[in-house]
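Numbering (the working numbering), first residue to last: 11 to 571. Ideal Cβ placement from N, Cα and C applies to all residues, glycine included. Below: the structure, in structure tokens.
The following block contains the structure:
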């Protein structure tokens, strides 16, 4: 960790200390201060991760950040390029004008943060930091409701220190804050469902619907995952009610037969009809909370999609079609076989070859331990549905199955809690048992965090990741020097480092385009009264640029390694 600043050490060490004290507080039944410390540990660790890269990552953070910046002033106009001074292809989500490639909720969250804290990478990442910390609290609460307090604590801590979700909120991995927000929304919908099944309060139906609708507004229809899982889980509950009705109907029939032997011989057809009606009524009544919450979700999410189809029908139709095409064809080379997401368990939960088997064992053990709870059944069925759905899709990405992570970590927490409880039968001393729990969780969390891997990619070195990081740092120096080189602008800037046109537009008021402009583009921009600047890179610039006194030629950053 030699590359860290002093305040980054403080953030990491503060998170670690807060997490250790949390274990002691929760085990000693000081729940409220323990939860505050758990949340604080999540915030400090998230801020540590968010501070590691002083630039916007290429895939896909910088695109999300630029759209969010533009939405910070016009929240209902999602655009990548803020104005159309040159023709753009609406089908190219990396260089278009109207940007409806992703639904807007996570962009609104980032836009609000940018509005409050300015156009910087930390403002882009702050919403993910808060959502990551809150997800740990929801895991804790779900564990309390279906097993016990320690299960929730261990599951929440394991999630909090897990490598993959942390790298997502740092922006370093594909789909970054979109997947963090989606994980949060899906987890929140299941947490609210847990609360409803636990308390029976109708308020939670509204909460389920609203947060599930929010999940749709982050990543389309997969945000409705809670509903098929919850519906299937409540079917087992129906079977108990139906068996009770059947028993009562049988007892009634037996009494009638005794009282009236003639009816016993003929058999009463009306009783069968009555039982079928009662059975259907019970089925419908058991599914009513699911249907009501799903209706709330659809009402919450539908206005945005109606809006974009009215305002930008061409762009909206294309993006909705792209979402459908993910099922049957590989988009942008993101392919893989049926077992792609099973193999990806090693990436999501650790590098060991035993990880998929350990996750499967933990989920199975949790199912055995908590299957009697409707909410627990729904969570486990949700994991199965999620993996089956994305395994059947032709397009695959590692983070697609990340919404299952809260339940995988909850299952791992349940497994650790059971093992520690068994060891507690041998260790009678209370503080010795607590020390063992702290040690086991500290070691497990550290291994899950994989701090060496986090820092290795951020130290000077010869790997591709390390070299590319140096390119991005050089690019940031160039961007920050633009006010001195060009003045405040605005300018239309061409030929930056590959993909560098996006951060230029995020950090400055200039427009920027990849590559060298054509003569026609130069003529069009000059006729519009635009000022043009072109970076000089390794390749020579054409004469119509070098010999035009109205075009500024400026030196570029080191773009290649």
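Taking C-alpha positions only, residue 437 is separated from residue 443 by approximately 6 Å. Judged by DSSP in its simplified three-state form, residue 192 adopts helix. DSSP, read as helix, strand or coil, puts residue 154 in helix. A buried status is given to residue 221, since no fewer than 16 other beta-carbon atoms sit within 10 Å of its beta-carbon. Fully contained in the region 487-570 are the following alpha helix (DSSP H) runs of length 4 or more, in chain order: 511-517, 529-537, 553-556. According to DSSP, residue pairing for residue 217 in a beta bridge does not occur.
Under the three-state reduction of DSSP, residue 437 is assigned to coil, being neither helix nor strand. By the neighbour-count definition (other C-beta atoms within 10 Å, threshold 16), residue 359 is a buried residue. Taking the CA atoms as reference points, residue 300 sits about 9 Å from residue 244. Pairing residue 547 with residue 561, the inter-Cα distance amounts to about 15 Å. Relative to residue 503, the option among 85, 521, 112, 486 whose CA is nearest is 521. Pairing residue 156 with residue 414 gives a Cβ-Cβ distance that is not under 8 Å. CA-to-CA, the gap between residue 514 and residue 102 works out to about 19 Å.
Under DSSP, residue 108 shares a beta bridge with 89. For residue 237, the closest C-alpha among the options 345, 48, 395, 35 is that of 395.
Using a Cβ distance threshold of 8 Å, residue 185 and residue 169 do not count as a contacting pair. Taking C-beta separations shorter than 6 Å and ignoring five residues to either side along the sequence, the partners of residue 501 in its chain run 520, 541, 543, following chain order.
Taking a contact as a CB-CB distance under 8 Å, the pair residue 241 and residue 187 does not count as one, their CB atoms being some 30 Å apart. Rounded to whole angstroms, the Cβ separation of residue 56 and residue 143 is 6 Å, and the two are in contact under 8 Å. If one requires a minimum length of 4 residues, the alpha helix (DSSP H) runs lying completely within the region 350-402 are 350-353, 355-359, 365-380, 384-402, in chain order. If the five residues before and after residue 76 are omitted, its C-beta is found closer than 7 Å to the C-beta atoms of 90, 512, 515, 516, all from its own chain and listed in chain order. Contact check for residue 303 and residue 218: beta-carbon distance about 4 Å, within the 8 Å limit, so the pair qualifies.
Annotation for residue 29: the continuous alpha helix (DSSP H) segment containing it runs 16-37.
By the Cβ neighbour-count rule, residue 17 is exposed, with fewer than 16 other Cβ atoms within 10 Å of its own. Relative to residue 462, the option among 38, 173, 167, 64 whose CA is nearest is 173. Remark: three or more beta-carbon pairs, one from each stretch, lie closer than 8 Å, so the region 106-121 and the region 61-75 are flagged as touching.
Between residue 228 and residue 115, the C-beta spacing is below 8 Å.
For residue 58, the enclosing alpha helix (DSSP H) has its first and last residue at 41-60. In this structure, the straight-line span from the alpha carbon of residue 296 to that of residue 28 is close to 43 Å. Our two residues, residue 24 and residue 456, have alpha carbons roughly 15 Å apart in a direct line. With respect to residue 164, residue 426 sits close: the two C-beta atoms are nearer than 8 Å. Across the set 109, 147, 38, the C-alpha of 109 shows the shortest separation from the C-alpha of residue 319. In the displayed model, residue 203 falls within a helix according to three-state DSSP. By the Cβ test, the region 59-67 is in contact with the region 125-140, since at least three Cβ pairs between them sit closer than 8 Å. Ranked by Cα distance from residue 19, the first of 45, 43, 151, 59 is 59. Here residue 48 is buried, its C-beta having at least 16 other C-beta atoms within 10 Å.
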